[in-house]
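Asker: Our numbering puts the first residue of the sequence shown at 347, with every later residue one more than the last. Positions of the beta carbon are idealized from the N, C-alpha and C atoms, including for glycine.
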Amino acid sequence: DWLDKDDEVTGMGAENSYYKNLAKPCSSKNGLMDCIDELLMIKGVTKELYYGTQETPALEKCLTIYGDGKININTSPKLVLRALSTDITADIAEKMDEYRKGEGNDLDDVNWYRKIPGLSAGNINSGLIAVKSEYFTITSTGILGNMKENVMGVVKREPEREAVRLLSWKIE
């Protein structure tokens, strides 16, 4: 409901009638997110869910607002690989990770995952996967004396210009 363009509540979602009555009122976005931090504004997304806990991984580390929605199986964390199919267990995700780290494996082939023993390739929507990325997160740490600061930026590769463009940055 946060993203859709209407004011109709669907499922467990929420629209303006909910958001306008919060301690800090706001309107539902009804459009694409400008930054992943907007997840914290959505009904049901808690700080524990967003930032993670010792037991659960952080959503902020697994999701992005950039790109076409496809998951690069060559670079995605194992947890994201597991989200592609219920067939991808922790063990299979580990095997996929080992395969992509292996010498001489053709990672340009979008179907390389079919070579993983125990993985039923038919249960992965091939329209959800890719083997190349245009968007990257760069984290930099600066230290001066006792001061330390982490900066995270998102860049987009622009091959036609042989350049990258900074899309966003924040101090963590």
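Grab me the residues of Leu425's own chain with a C-beta within less than 8 Å of its C-beta, minus the 5 sequence neighbours each way, in chain order.
Answerer: As a first step, residue 425 is located in the sequence shown; it is residue number 79 there, counting from the start. Answer for Leu425: Pro403, Cys408, Ala439, listed in chain order.
Asker: With Thr485 and Asn469 assumed to form a contact (beta carbons below 8 Å), what rounded beta-carbon distance in angstroms separates them?
Answerer: On the sequence shown, position 139 is the one that residue 485 refers to. On the sequence shown, position 123 is the one that residue 469 refers to. Between Asn469 and Thr485 the Cβ distance is about 33 Å, and since that is not below 8 Å, they are no contact.
Asker: Mind checking whether Trp348 and Ile388 have CB atoms under 8 Å apart?
Answerer: What you label residue 348 is simply residue 2 of the sequence shown in a count that begins at 1. What you label residue 388 is simply residue 42 of the sequence shown in a count that begins at 1. Yes, Cβ-Cβ distance for Trp348 and Ile388 is below 8 Å.
Asker: What residues in its chain sit with their C-beta under 7 Å from that of Ala509, if we drop five residues either side in the sequence?
Answerer: As a working mapping, residue 509 is identified with position 163 in the sequence shown. Hits under 7 Å: none found.
Asker: Measuring alpha carbon to alpha carbon, tell me which residue in Lys447, Gly448, Ser422, Gly390 is nearest Ile475.
Answerer: The residue given as residue 475 occupies position 129 in the sequence shown. Of the candidates Lys447, Gly448, Ser422, Gly390, the residue whose Cα lies closest to the Cα of Ile475 is Ser422.
Asker: When you compare each of Val500, Asp352, Leu386, Ile419 to Gly473 by their alpha carbons, which one comes out closest?
Answerer: For the purposes of this step, residue 473 is taken as residue 127 along the sequence shown, with counting starting at 1. Considering only alpha carbons, the answer is Ile419.
Asker: Using the beta-carbon count (16 or more within 10 Å), is Leu378 buried or exposed?
Answerer: Numbered from 1 along the sequence shown, position 32 holds the residue referred to as residue 378. Leu378 is exposed by the Cβ-count criterion.
Asker: With Lys320 as the anchor, note down where its alpha helix (DSSP H) starts and where it stops.
Answerer: Outside the shown range of the chain (347 to 518) lies residue 320, about which nothing can therefore be said.
Asker: Under the assumption that Ile434 contacts Tyr445 (Cβ atoms under 8 Å), give the Cβ distance between them as a whole number of angstroms.
Answerer: Looking up residue 434 in the sequence shown gives position 88. Looking up residue 445 in the sequence shown gives position 99. No, Ile434 and Tyr445 are not in contact; Cβ-Cβ is about 13 Å, not under 8 Å.
Asker: Determine the extent of the alpha helix (DSSP H) in which Ile438 is found, giving its start and end residues.
Answerer: On the sequence shown, residue 438 is found 92 positions in, with the first residue counted as 1. Residues 436-447.
Asker: Could you give the distance in angstroms between the alpha-carbon of Tyr459 and the alpha-carbon of Asp350?
Answerer: The residue you call residue 459 lines up with position 113 of the sequence shown. The residue you call residue 350 lines up with position 4 of the sequence shown. Distance between the alpha carbons of Tyr459 and Asp350 is about 33 Å.
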